[in-house]
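Enquirer: Sharing a structure, written as structure tokens. Questions coming.
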Amino acid sequence: MILLTRKADFSAAHFYWNDAWSEAENQRVFGKCSNRQGHGHNYTLEVTVEGVIDPASGFVVDLKQLKDIMEREVVSVYDHRHLNHEIPEFKTTVPTTENIAIAIWRRLDGKIPGAKLHRIRVYEMPDLFADFYGEGA
Amino acid sequence: MSAIAHLSRRYHFAASHRLHVDALSPERNREIYGKCNNPFGHGHNYSVQVTFSGPVDKITGMVTNLGDLDSFTQRELLDLFDHTNLNTLPCFLDLVPTTENLCVELWRIFAQYPHAKLERLRVEETGNNAFDYFGDGAPIQHEE
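Residue numbers (the working numbering), protein chains in the order written: chain A, 1 to 137; chain B, 138 to 281.
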């Protein structure tokens with residue numbers, strides 16, 4: 001078994017807010033991230049898949065195909081969008097880096113032929129990232 | 138006479154924006170700004186690199202004290218721009234917040250720094266996109 005990782009970037013706006021809380025409570029918990037006008041980041045997504053190396057091609061997975069799947073399922077949906085206002089999964093969950101990693105896992109799980117999704121890593125900034133290893137992990 | 142040296146420092150802030158000009162039709166805005174015209178905006182981690190020049194102080198060995206520059210930047214830039222929507226800031230209410238226009242606005246801020254002379258300002262919108270501004274009269278240089 002070998003792991004293979006591919007990166008992609010997207011830029012998006014978001015803010016942190018829980019409707020069940022008062023404005024003061026949102027401000028206390030989320031600080032400047034609770035600004036309702038939103039703010040934004042350049043996100044980096046790392047998708048790691050695991051599989052066996054095909055003896056004929058030497059590949060775990062076709063890299064071009066993986067890139068196309070990441071583009072179709074995630075980047076084209078999230079890039080240059082406001083996550084709270086435009087992405088269905090964040091109508092009901094706060095678009096934290098943790099929840100973004102989980103949402104991307106769900107978007108990609110089962111869509112990559114010949115390989116198993118191992119890890120989703122999402123960087124909000126170079127010094128902040130979240131990892132998700134799947135629902136049962 | 139003290140030697141003149143250049144000092145550069147980087148700062149970071151995260152903000153959202155939307156590129157849209159009310160005077161243009163929706164179709165024309167879409168044509169010019171593409172995905173940057175999406176109605177709800179999007180965002181970036183901006184990096185601002187400022188370069189100051191000045192004589193190296195004989196006693197401290199500094200062009201300027203970085204603590205002074207950091208507190209100036211915190212007060213005049215980061216407290217106002219970080220975690221905001223650029224379109225809602227007073228300077229962008231009637232001005233489209235492209236990175237070029239952001240360069241000019243940030244130049245106005247850093248030109249007020251009293252302890253050294255601003256020589257260059259670089260704004261990176263993403264890791265692949267940087268704009269340099271050298272002040273009034275000098276053209277903005279765009280590097281992809």
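Even for Gly, the Cβ is constructed at its ideal location relative to N, Cα and C.
A quick note: this is a predicted structure, and the numbers were derived from the prediction, not measured.
(1) Alpha carbons only, please: which of B:Glu168, B:Leu258, B:Asp159, B:Leu214 is nearest the one belonging to phenylalanine 189 (chain B)?
(2) Given this structure, state the Cα-to-Cα distance separating lysine 64 (chain A) from isoleucine 104 (chain A), to the nearest angstrom.
(3) DSSP three-state call for methionine 199 (chain B): helix, strand or coil?
(4) Closest to cysteine 33 (chain A) by C-alpha separation, out of A:His14, A:Glu98, A:Ile53, would be which residue?
(5) Can you find at least 3 beta carbon pairs, one from the segment 210-222 of chain B and one from the segment 148-158 of chain B, that sit closer than 8 Å?
(6) So for glycine 40 (chain A), helix, strand or coil by DSSP?
(7) Beta carbons nearer than 8 Å to chain B: which residues of the segment 32-51 of chain A have them?
(8) Quick one: does methionine 70 (chain A) have its CB under 8 Å from some CB of chain B?
(9) With a cut-off of 8 Å, does the C-beta of threonine 236 (chain B) fall near any C-beta of chain A?
(10) Identify the contact partners of aspartate 79 (chain A) in chain B, using a Cβ-Cβ distance below 9 Å as the criterion.
(11) So, helix, strand or coil for tyrosine 123 (chain A), using DSSP?
(12) Assuming leucine 4 (chain A) and valine 74 (chain A) make a contact with CB atoms under 8 Å, what is their CB distance in whole Å?
(13) Beta-carbon of serine 153 (chain B) versus every beta-carbon of chain A: anything under 8 Å?
Expert: Judging by the given coordinates:
(1) B:Leu258
(2) 19 Å
(3) coil
(4) A:His14
(5) Remark: three or more beta-carbon pairs, one from each stretch, lie closer than 8 Å, so the segment 210-222 of chain B and the segment 148-158 of chain B are flagged as touching.
(6) strand
(7) Lys32, Cys33, Asn35, Gln37, Gly38, His39, Gly40, His41, Asn42
(8) no
(9) no
(10) Lys172, His179
(11) DSSP places tyrosine 123 (chain A) in strand when its eight states are reduced to three.
(12) Actually they do not touch by this definition, with Cβ atoms about 17 Å apart.
(13) Yes, because at least one Cβ of chain A sits closer than 8 Å to the Cβ of serine 153 (chain B).
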